[in-house]
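Heads up: the sequence shown is residues 3 to 910, going by my numbering.
All remarks here apply to the structure that follows.
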Amino acid sequence: MQFVLLLIFQIISGLVLLPIVIHYIYYIINAIAGDLCEQKRAQREQQLQKSTTPSSPPRHPPPPSTEPIGFSINNLTNSNRSPTRMQTNDDAKFIKKRWKGGSIEPHPTDKALIVNYQLEATVFGEPNNPMIEEKKHCQKIIRLRSLNAKTDPAALAREVVEKCDLIHKSQLNDVEQIIFYLKNRKDNASNDIPDNNTHSRRSAALHTSHTRSSARSHSSVAAMTSSTGSGGGSSGATNGVSNALSAATPTADVSINNIDEYVELLYEELGERIRGSAMILQMARNPDNLEELEKNEACLSALSRVLREDWRKSLDLSTNIIYIFFCFSTYTKFHPLIVQYKIGSLCMDVIDYELRRYETMRNELDVRKQPNGSSTPHSAKASKEKLNRSTDDFLDIMNEEKPKEMEPPRRRIPELKQRPKSGNWSSFHGSMSSSLIKSQILNSSYHEALCAGGSPAGDPPAVPAELKAQSNESLDRNDPKVKKEEIDRLNKQLKIFAKKQEQLLRVAFYLLLNMAENVKLEEKMRRKHIVKMLVKALDRQNIDLLMLVSTFLKKLSIVGDNKDEMAALNIVGKLPRLFQSTHTDLVQVTLKLVFNLSFDGGLRRKMISAGYLPMLVMFINDEKHHGIAVKILYHMSLDDKVKGMFTQTECVQMATDAIILNLNVKVDLDLIALCINLSLNRRNAQIMVEGQRLHSLMDRAFKYQDALLMKLLRNLSQHESLQLQFIDYVGDLARILTICDDEAFIVECLGILGNLALTDLDYSQILQNFQLIPWIRQLLVPCARMDDLVLDTIVYLGTCACDELCALLFCRAKVVISLIELLKAKQEDDEIVLQIIFVFQQILRHESTREYMIKETESPAYLIDLMHDKNEEIRKVCDYCLDIIAISDSEWAKRIKVSWLSITVFVL
Numbered sequence: 003m004q005f006v007l008l009l010i011f012q013i014i015s016g017l018v019l020l021p022i023v024i025h026y027i028y029y030i031i032n033a034i035a036g037d038l039c040e041q042k043r044a045q046r047e048q049q050l051q052k053s054t055t056p057s058s059p060p061r062h063p064p065p066p067s068t069e070p071i072g073f074s075i076n077n078l079t080n081s082n083r084s085p086t087r088m089q090t091n092d093d094a095k096f097i098k099k100r101w102k103g104g105s106i107e108p109h110p111t112d113k114a115l116i117v118n119y120q121l122e123a124t125v126f127g128e129p130n131n132p133m134i135e136e137k138k139h140c141q142k143i144i145r146l147r148s149l150n151a152k153t154d155p156a157a158l159a160r161e162v163v164e165k166c167d168l169i170h171k172s173q174l175n176d177v178e179q180i181i182f183y184l185k186n187r188k189d190n191a192s193n194d195i196p197d198n199n200t201h202s203r204r205s206a207a208l209h210t211s212h213t214r215s216s217a218r219s220h221s222s223v224a225a226m227t228s229s230t231g232s233g234g235g236s237s238g239a240t241n242g243v244s245n246a247l248s249a250a251t252p253t254a255d256v257s258i259n260n261i262d263e264y265v266e267l268l269y270e271e272l273g274e275r276i277r278g279s280a281m282i283l284q285m286a287r288n289p290d291n292l293e294e295l296e297k298n299e300a301c302l303s304a305l306s307r308v309l310r311e312d313w314r315k316s317l318d319l320s321t322n323i324i325y326i327f328f329c330f331s332t333y334t335k336f337h338p339l340i341v342q343y344k345i346g347s348l349c350m351d352v353i354d355y356e357l358r359r360y361e362t363m364r365n366e367l368d369v370r371k372q373p374n375g376s377s378t379p380h381s382a383k384a385s386k387e388k389l390n391r392s393t394d395d396f397l398d399i400m401n402e403e404k405p406k407e408m409e410p411p412r413r414r415i416p417e418l419k420q421r422p423k424s425g426n427w428s429s430f431h432g433s434m435s436s437s438l439i440k441s442q443i444l445n446s447s448y449h450e451a452l453c454a455g456g457s458p459a460g461d462p463p464a465v466p467a468e469l470k471a472q473s474n475e476s477l478d479r480n481d482p483k484v485k486k487e488e489i490d491r492l493n494k495q496l497k498i499f500a501k502k503q504e505q506l507l508r509v510a511f512y513l514l515l516n517m518a519e520n521v522k523l524e525e526k527m528r529r530k531h532i533v534k535m536l537v538k539a540l541d542r543q544n545i546d547l548l549m550l551v552s553t554f555l556k557k558l559s560i561v562g563d564n565k566d567e568m569a570a571l572n573i574v575g576k577l578p579r580l581f582q583s584t585h586t587d588l589v590q591v592t593l594k595l596v597f598n599l600s601f602d603g604g605l606r607r608k609m610i611s612a613g614y615l616p617m618l619v620m621f622i623n624d625e626k627h628h629g630i631a632v633k634i635l636y637h638m639s640l641d642d643k644v645k646g647m648f649t650q651t652e653c654v655q656m657a658t659d660a661i662i663l664n665l666n667v668k669v670d671l672d673l674i675a676l677c678i679n680l681s682l683n684r685r686n687a688q689i690m691v692e693g694q695r696l697h698s699l700m701d702r703a704f705k706y707q708d709a710l711l712m713k714l715l716r717n718l719s720q721h722e723s724l725q726l727q728f729i730d731y732v733g734d735l736a737r738i739l740t741i742c743d744d745e746a747f748i749v750e751c752l753g754i755l756g757n758l759a760l761t762d763l764d765y766s767q768i769l770q771n772f773q774l775i776p777w778i779r780q781l782l783v784p785c786a787r788m789d790d791l792v793l794d795t796i797v798y799l800g801t802c803a804c805d806e807l808c809a810l811l812f813c814r815a816k817v818v819i820s821l822i823e824l825l826k827a828k829q830e831d832d833e834i835v836l837q838i839i840f841v842f843q844q845i846l847r848h849e850s851t852r853e854y855m856i857k858e859t860e861s862p863a864y865l866i867d868l869m870h871d872k873n874e875e876i877r878k879v880c881d882y883c884l885d886i887i888a889i890s891d892s893e894w895a896k897r898i899k900v901s902w903l904s905i906t907v908f909v910l
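So this is what it looks like as structure tokens:
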């Protein structure tokens, strides 16, 4: 009985195991069959490669990796030349290729050679049985990244010919001549946004760098142009020809006649929309096509619609479409078209979104760099969850926008060597070794983040949230080195993304700048916070973008509201970084912006606090920046508190020496104005006259009769500590008064003489030796000369009247009578009245002339009338003079007392 039961059990077990065995046998057979198929396919490919030897050797053996992109059997067999021979793709068994070299041209914008050659391809179904023959004219671009002013063209030409098999040795001289031309040509390839007169040249550059078959090649024409320019900037990093020669690019024919086909691409998938917009852009870069495009309402409507609906989906698409409308914006006649489709408003929305997106990414990356122990456990956990979400979003964006060359080969990606036997990955973490944990972290972050963009669906594979959290935790806790590598990788990706984004920002800002020619449109931009966007863009690193932003801000800064908004956004704190740039054009534009802002006193004080003064002084000796820097320094010198700060720099010495060493007849107006302001400070004045500078300044002033330079010397003479140094020039100053015809120069000379109130000077001797008394009396005739000249003459008389002999001379020569007549005529001019009664005061101080003033002139009566003048200074001088008269003459004392009492009663 037991035996029967055992037999039955074995039979049942056998029946149960039979399907399993059959399944495994089937699986093994399929695996073996698959391996055999793979081996057979590999053998067929090897045989095909061996059979591709051309019947006749090419003139120049082709270099590896120079086969044109998209030149494949499929492309060739689709030809309509011999349809009877093309049954299936399997009929094409052999391909014979031949390269024929052609002409060599310089690249229109980059430091590169364009090698033209012809590619001949023949497809054979059987030996000696050609199916298709096709010829293509191709181009190879050889970028000379190390070409600079010190490069030897002959040596570089030999290296090019040696490394590029498409160039025959007989063309060595041609290559050398082209390299010599490129070496001496002014390179402007870095500007991917053309000026008004350079559309056709840039269009040619775009035509030569356009690939034929891939949608990726059409993704961003603007970025394509910029990448060539940026490559040329790394000349010091390589020697000779770049090892990475560009692939051969068949020339693409984009015609205005095919515009309908390009417009149809705008209604396809995203990749096709990008390609279609790139083709339309290539046409728009040619100014001759703009009028034709303007008439194509369907094209413009489609472009504006795609931009309005899809600008968030792709930077390339946004850049291409905005670039198209930028081409229109370079001509004022097309501005109504841009307004009609509301492209300006869309551009501002795009700029605002992109700036906020970049700022969010950068802030999140900065937070991730901070140590974990800087916050409480609860806040740290919340911060970690936020970072996990933000990092996922960041990687999604990077997967969408990153270039294809960022994707690493999958074979380099570490893979797990062990699988969990049961459960999920999270339960398996507890038993994994540290090396496997690290491997899994790399697999989940590096592989999934970078390779997701290469998947057909375009969506990153789903990763469990628990896995992400535990991966980040293990990354933070157990392996700081891996965390640092992860942060470095994210930082690098952010830089690549920013570089691509800046192309979009630049073309959008440029379009708005062109549209801002209309004052009404500029006001609309201001209301939509264009100033805030521009100031935020100053934090970027791209030189071309910074130049454009600074130019735009300079234009807007002439409006008071815009200037106030810039001040509120702390623009003063963002500009010093631009001063330190090695790009002279950027520095020049920044200085012009600072000049516009420096008209505001509050902003000038902020500039001083931010340390602008030493930086601006450095530009005085720079020929390119000298003019604008001096203008800004002049504005800063208007504030008395700032004048003393100039002594802490070398500005005073440099400015004074620049005046002395100037070979022109006239000194730079801004420079002399700066020195005039600085000379009002005593310490600055001392620096200006150190050494032989005073002598040199005097010689130059007399030689050219420069009124402004003499005004500078007049300011220097105001300081008592320097007046003794002017004694040697008193004779020259007095002599020039009677022989010079320039009244402005005479005014300054009189001003210097009026400042020199020195006891060692014999003023009467000077007046008599140079016969100044008759000349002075002529000047004092009312309305005979300009008021400034008359005023400085009176001041000089007041200085001379300190000497008793001079005072006596004035009385005898009837100069006092002339002053009284002038007082009658100039009663409304307080300054002239004040200086005249000061001369009376000086004469009344001397006993020898006091009696003459009281009894022989009408000066006491006029002084009594001026007792109740509105000007306080005039009243003070009158009181002093009347006190002297009252002491000397009793009759006048009574009259003065009566007049004083009448004034007191009137006041009461």
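Virtual Cβ for every residue (Gly too), placed ideally from N, Cα, C.
Treat the numbers as computed from the prediction; the structure is a model and nothing was measured.
Same chain, Cβ closer than 8 Å to Trp902, neighbours up to 5 away in sequence not counted | Looking up residue 902 in the sequence shown gives position 900. Counting only Cβ-Cβ distances below 8 Å, and skipping sequence neighbours, we find Met869.
Let me know the secondary structure DSSP gives Trp313 once reduced to three states.
-> Numbered from its first residue, the sequence shown carries residue 313 at position 311. Assigned with DSSP and collapsed to three states, Trp313 falls in coil, not helix or strand.
6 Å CB neighbourhood of Ile886 in its chain, flanking five on each side removed | Locating residue 886 in the sequence shown gives position 884, where the first residue counts as 1. So the qualifying residues of the chain are Leu846.
List the whole-angstrom C-beta distance separating Leu718 from Ala687, where the pair is believed to meet the contact cut-off of C-beta under 8 Å.
-> Working through the sequence shown from its first residue, we reach residue 718 at position 716. Working through the sequence shown from its first residue, we reach residue 687 at position 685. So it is a contact: roughly 5 Å between Cβ atoms.
Once you ignore the five residues that flank Leu357 on each side, which residues in its own chain have a CB closer than 8 Å to its CB?
-> If you number the sequence shown from 1, residue 357 lands on position 355. Excluding positions up to five away in sequence, the list reads Leu507, Met535, Lys538, Ala539.
Three-state class that DSSP yields for Leu124 in the structure shown | Within the sequence shown, numbered from 1, the residue matching residue 124 stands at position 122. A quick correction: the sequence has Thr, not Leu, at residue 124. Of the three classes helix, strand and coil, the one that applies to Thr124 here is strand, per DSSP.
Provide the residue(s) that pair with Glu107 in DSSP beta bridges, ordered along the chain.
-> In the sequence shown, residue 107 corresponds to position 105, counting from 1. Paired residues: Ile116.
Is the beta carbon of His585 sitting closer than 8 Å to the one on Ile634?
-> Sequence index remark: in the sequence shown, residue 585 carries index 583 (1-based). Sequence index remark: in the sequence shown, residue 634 carries index 632 (1-based). Not a contact, by the Cβ cut-off of 8 Å.
Express the C-alpha separation of Arg147 and Lys483 in angstroms, rounding to a whole number.
-> Residue mapping note: residue 483 aligns to position 481 of the sequence shown, counting from 1. Residue mapping note: residue 147 aligns to position 145 of the sequence shown, counting from 1. Their backbone Cα atoms lie some 35 Å apart in a straight line.
How many angstroms separate the CA atom of Val900 from the CA atom of Lys857?
-> As a first step, residue 900 is located in the sequence shown; it is residue number 898 there, counting from the start. As a first step, residue 857 is located in the sequence shown; it is residue number 855 there, counting from the start. Roughly 19 Å between the two C-alpha positions.
Which word fits Met226, buried or exposed, when buried means at least 16 other C-beta atoms lie within 10 angstroms of its C-beta?
-> Within the sequence shown, residue 226 is the residue found at index 224, counting from 1. In this prediction, Met226 has a pLDDT of 35, which is less than 50 and means its spatial position is unreliable; nothing more can be read from the coordinates.
Could you check what DSSP says for Gln582 in three-state terms: helix, strand or coil?
-> Along the sequence shown, one-based indexing puts residue 582 at 580. Three-state result, Gln582: coil.
By a C-beta neighbour count over all protein chains shown, 10 Å radius and 16 as the cutoff for buried, is Trp894 buried or exposed?
-> Locating residue 894 in the sequence shown gives position 892, where the first residue counts as 1. Trp894 comes out buried.
Mind listing, in chain order, the continuous alpha helix (DSSP H) runs of no fewer than 4 residues lying wholly within the stretch 607 to 657?
-> Those alpha helix (DSSP H) runs which fall completely within the stretch 607 to 657 and span 4+ residues are 614 to 620, 628 to 638, 642 to 645.
Sub-8 Å separation of Gln837 and Val783 beta-carbons = The residue labelled residue 837 in the question sits at position 835 within the sequence shown. The residue labelled residue 783 in the question sits at position 781 within the sequence shown. No, they are not a contact pair.
Under the three-state DSSP convention, the category Gln372 falls into = Here residue 372 corresponds to residue number 370 of the sequence shown, with the count starting at 1. Three-state DSSP puts Gln372 in coil, outside helix and strand.
Endpoints, the alpha helix (DSSP H) within which Thr859 is located | Here residue 859 refers to the residue found at position 857 of the sequence shown. Annotation for Thr859: no alpha helix (DSSP H) segment contains it, and DSSP assigns it neither H nor E.
Would Asp593 pass as a contact of His627 if the rule is Cβ separation under 8 Å?
-> The residue given as residue 593 occupies position 591 in the sequence shown. The residue given as residue 627 occupies position 625 in the sequence shown. First, the residue type needs correcting, since residue 593 is Leu and not Asp in the sequence shown. Going by C-beta atoms, Leu593 is nearer than 8 Å to His627.
Compute the Euclidean distance between the alpha carbons of Trp777 and Gly756, then round it to the nearest angstrom.
-> As a first step, residue 777 must be located in the sequence shown, where it is residue number 775. As a first step, residue 756 must be located in the sequence shown, where it is residue number 754. For Trp777 and Gly756, the gap between their C-alpha atoms comes out near 16 Å.
Excluding five sequence neighbours on each side, which residues of the same chain lie with their C-beta closer than 7 Å to the C-beta of Glu403?
-> On the sequence shown, position 401 is the one that residue 403 refers to. Per-residue confidence for Glu403 stands at a pLDDT of 43, beneath the threshold of 50, marking its modelled position as unreliable; the derived number appears in the next sentence. Once the five neighbours on either side are set aside, the close Cβ partners of Glu403 are Leu317, Phe499, Lys502.
Give the secondary structure of Arg685 by DSSP, where H, G and I count as helix, E and B as strand, and everything else as coil.
-> The sequence position of residue 685 within the sequence shown is 683, counting from 1. Of the three classes helix, strand and coil, the one that applies to Arg685 here is helix, per DSSP.
Nearest to Asn598 by alpha carbon, out of Asp566, Pro21, Leu580?
-> Residue mapping note: residue 598 aligns to position 596 of the sequence shown, counting from 1. Of all alpha-carbon atoms in Asp566, Pro21, Leu580, the one lying nearest the alpha-carbon of Asn598 is that of Asp566.
Should Tyr706 be listed as close to the ligand MG, given that the test is whether its C-beta is under 7 Å from any heavy atom?
-> This structure lacks the ligand MG; in fact it carries no ligand of any kind.
What residue range is occupied by the uninterrupted alpha helix (DSSP H) comprising Phe336?
-> One-based indexing of the sequence shown puts residue 336 at position 334. First-last for Phe336: undefined, no H or E at that position.
Buried/exposed call for Tyr29, threshold 16 Cβ in 10 Å = Position 27 of the sequence shown, counted from the start, is the residue given in the question as residue 29. By the neighbour-count rule (16 or more Cβ atoms within 10 Å), Tyr29 is not buried but exposed.
Three-state class that DSSP yields for Lys98 in the structure shown | Locating residue 98 in the sequence shown gives position 96, counting from the first residue. Secondary structure of Lys98 (DSSP, three-state): strand.
Tell me whether the beta-carbon of Ile748 lies closer than 8 Å to the beta-carbon of Leu715.
-> On the sequence shown, position 746 is the one that residue 748 refers to. On the sequence shown, position 713 is the one that residue 715 refers to. Against a cut-off of 8 Å, the Cβ pair of Leu715 and Ile748 comes out as no contact.
What's the gap between the Cα of Ala827 and the Cα of Lys643?
-> Within the sequence shown, residue 827 is the residue found at index 825, counting from 1. Within the sequence shown, residue 643 is the residue found at index 641, counting from 1. Ala827 and Lys643: Cα-Cα distance of roughly 40 Å.
Who are the near neighbours of Phe182 in its chain, counting only those whose CB is closer than 8 Å to its CB and skipping five residues on each side?
-> Here residue 182 is taken as the residue at index 180 of the sequence shown, counted from 1. Closer than 8 Å at Cβ, skipping near neighbours: Pro155.
Would Val18 be called buried (16 or more neighbouring beta carbons within 10 Å of its own) or exposed?
-> Within the sequence shown, residue 18 is the residue found at index 16, counting from 1. Its Cβ having fewer than 16 others within 10 Å, Val18 is exposed.
Name the residue from Gln120, Phe11, Asn572, Asp790 whose alpha carbon lies nearest to the alpha carbon of Gly103.
-> Working through the sequence shown from its first residue, we reach residue 103 at position 101. The option with the nearest alpha carbon to Gly103 is Gln120.
Would you tell me roughly how many angstroms separate the C-alpha atoms of Leu115 and Asn150, rounded to the nearest one?
-> As a working note, residue 115 is residue 113 in the sequence shown. As a working note, residue 150 is residue 148 in the sequence shown. In this structure, the straight-line span from the alpha carbon of Leu115 to that of Asn150 is close to 15 Å.
Sorted by chain position, which residues of the same chain lie with C-beta nearer than 8 Å to Ile106's C-beta, five sequence neighbours on each side aside?
-> Start at 1 with the first residue of the sequence shown, and residue 106 comes out as number 104. The residues are Leu115, Ile116, Val117, Asn118, Ile169, Gln173, Asp176, Val177, Ile180.
Report yes if the CB atom of Val574 is closer than 8 Å to the CB atom of Leu605, and no otherwise.
-> The count along the sequence shown starts at 1 and reaches residue 574 at position 572. The count along the sequence shown starts at 1 and reaches residue 605 at position 603. Yes; because the gap between Cβ atoms is below 8 Å, this pair is in contact.
Burial state of Thr362, where buried means 16 or more other Cβ atoms lie within 10 Å = Working through the sequence shown from its first residue, we reach residue 362 at position 360. Exposed, by the Cβ-count rule.
Is Ile143 helix, strand or coil when you go by DSSP?
-> On the sequence shown, residue 143 is found 141 positions in, with the first residue counted as 1. The answer is strand: DSSP assigns Ile143 an E or B state.
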